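The opening position of the sequence shown corresponds to residue 479 in our numbering, with each subsequent residue numbered one higher.
Below is one structure, written out as structure tokens, with a few remarks after it.
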Amino acid sequence: MVLDPQPLMRFCHLLVVFFSSLTFAFSQPIIRVTPSGAGDHSGSSWANALPGTALAGSIATATTGTQFWIGAGVYKPTTTTDRTASFSIASGVSVYGGFWGTETTFDERTPYADLATLSGDIGVVGYSGDNSTHVVSVINSAQLITLDRLTIYGGHRAPYDYSSSGAGLYIESGRNALSIFINNCRFVDNNIEGSLVGGGAIGAITKNNSQSTIRIRGSYFATNSAESGGAFASVTQSGSAKINLDECLFSDNSATYGGAVYVDPGSDLLDSLTINNCQFLSNKATILGGAISTASNQCRIEYSLFRYNSAGGDGGAINASMSHSTYNNCLFANNIAARGGVIYSKSGDKETSLLFTNCNLVSNSAYISGGAFYNLMTDENIMYANMLRTNHTLLKNCIVWNNTAPDSPMFKKQTIHLSVGADISNYFYANYSDLQELTTLTMQGTGNMISDPSFINPASGNYRLLANSPAINTGDPNTLDLLPTDLAGQPRVQNGRVDMGAYESTCLPAPCVPISAVRK
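Shown next as structure tokens:
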């Protein structure tokens, strides 16, 4: 009897594939690194740690799946003064800090991001003019790259440098669908001078119809600066970029446009910016968007705080021109600009829509017009004559209180016709919101009121509601589209009906004890 060899051959092939995959899974190398190295410098153990001077070369040539465990210390991309040197990370490589250099397992790491520092201070210590133009770079990676528990410090781009973006981390997607995950990292004192691309800490460019997915979680950005996006900038030349910022803190960053974050999607309608559970504190823009400047077609911001941000021109917290943006469970307080203490929106060759749900917009100011909102509608491009262009601001369950400006303390809208026959619409619409003014506005809506919301202690930044607040149980009865929790993480609907504002009251009608836990 002659046996058919084909089934046996197929079975053997499956065995080869199976065991090859096992070999690949269990052979992913771990390279341990310390500043001075140890033993044979192979990186196979802490006792044989790779020296820091070899890290840049090793990280650039590593195979997909390689992990670098970085011990406590400072690492520089070169021992020379070559400012173009950077830690150029190969495709599919993961770089982890948080190690003291004695751990035997990954889970023994500390939760801190300040143990391992990747520094661009390669020349005279403390002098930024001779620093690396990019401390870290990721270019055309085809596989996921992870940066975890690292401090990236001291990248500097001068006006005469060729490099234009990302002094701390430069990301470029030009061939592949690039994906990068940045977790629990610190970006401090990364600066770019004289470049419109920007991104002092992180600069991302998407081109050649590629796709970029950038997720940043639990990270800290402080005292970074650039022309656009002091902390982060994403520019899409062609293709699309998906940006997700989660549980991050942006403090004291500065730029001309977008003190902390700048997103320019180009003409791509698939770009998106999602911000969740972040804080933007004391960021500054000399012209537009003290914290954020975006034209993203899909911008969603939830559970976030914006306080003490400023713009010399427009949008103390946000410039959202030609953008479709939604804001849920957010607090905007003590922001300032010339126009639009909280937000400035302009609609020209693209439509603009802003939707605020359960937000507090309080104690913001503009020294010209629009203490909270400034909407500018213009048909400035003759190509858009006789076409409908809109700029709409919509509020639901919001508290807008104690905002100030010489002209229009709450909301200012301006419509400018430059093209004959253009049909444009510019309006403010509110439902079930506590507004500091109604009579001076042309607005639509239902369930609105003018009444002191009775915050617990606004002077100290506590914008929760006292038990006698008129904003309790007066929000929109339709709760189908609400998020499940408030800004403090409490269940959103209590005592039968949703409250107005970012914080849900937890008690009736006795004096309410303030919640101590503040959602970051």
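Ideal Cβ positions, reconstructed from N, Cα and C, are used throughout, including at glycine.
Since the model is a prediction, treat every value here as computed from it, not as a measurement.
When secondary structure is reduced to three states using DSSP, E581 falls in the coil class, being assigned neither helix nor strand. For M888 and F810, the gap between their C-alpha atoms comes out near 13 Å. Per DSSP, the beta bridge partners of D885 are S847. Residues of the same chain with a CB within less than 7 Å of the CB of G676, apart from the 5 flanking positions on each side, are S643, I670, A704, E705, S706, G707, A711, A733 and Y740 in chain order. Distance from the CA of S651 to the CA of D977, rounded to the nearest whole angstrom, comes to 44 Å.
Between T684 and N722, the CB-CB gap reaches or exceeds 8 Å. Taking 3 residues as the minimum length, the beta strand (DSSP E) runs contained wholly in the region 511-556 are 545-549 and 551-553, in order along the chain.
Following the DSSP letters along the chain, one finds S732 inside the beta strand (DSSP E) bounded by residues S732 to Y735. Nearest neighbour of T701 by Cα position, chosen from A769, N973, F565 and P962, turns out to be A769. Taking C-beta separations shorter than 6 Å and ignoring five residues to either side along the sequence, the partners of L533 in its chain run V511 and Y553, following chain order. When beta bridges are read from the DSSP output, Q972 appears opposite R975. Beta-bridge pairing by DSSP links C777 to L751 and S803. D560 is the residue among D560, D730, N661 and T595 whose C-alpha sits nearest the C-alpha of D608. N687 sits close to G717, with the two beta carbons spaced by under 8 Å. Cβ-Cβ separation between F851 and K890: approximately 7 Å, consistent with a contact (criterion under 8 Å). Here the C-alpha atom of E982 lies approximately 8 Å from the C-alpha atom of P969. In the three-state scheme derived from DSSP, where H, G and I count as helix and E and B as strand, E982 is classed as coil. It is roughly 22 Å from the alpha-carbon of G923 to the alpha-carbon of S947.
Segment contact: the region 567-576 against the region 620-638, three or more CB-CB distances shorter than 8 Å; contact assigned. Rounded to whole angstroms, the gap between the alpha carbons of A738 and G791 is 15 Å. Residue pairing of S823 in beta bridges, as defined by DSSP: N853. Sorting I950, G925, M927 and I928 by C-alpha distance to the C-alpha of I934 places I950 at the top.
Residue pairing by DSSP places H634 opposite N669 in a beta bridge. Within the same chain, Cβ atoms closer than 7 Å to the Cβ of S929 are found at D912 and P948, the five residues on either side in sequence being excluded. Fewer than three Cβ pairs drawn from the region 599-606 and the region 579-589 lie within less than 8 Å of each other, which leaves the two stretches out of contact. In this structure Q757 does not touch S788 by the C-beta definition: roughly 16 Å separates them, more than the 8 Å allowed.
The continuous beta strand (DSSP E) containing G791 extends over residues S788 to D792. Looking only at V878, Q621, A816 and Y941, the smallest Cα-Cα distance to N654 is reached by Q621. With a cutoff of 8 Å on beta-carbon distance, I779 and Y805 are scored as near each other. Rounded to whole angstroms, E829 and S803 show a C-alpha spacing of 11 Å.
In the structure shown, the three-state DSSP call for E586 is helix. By DSSP's assignment, V713 forms a beta bridge with I683 and D742.
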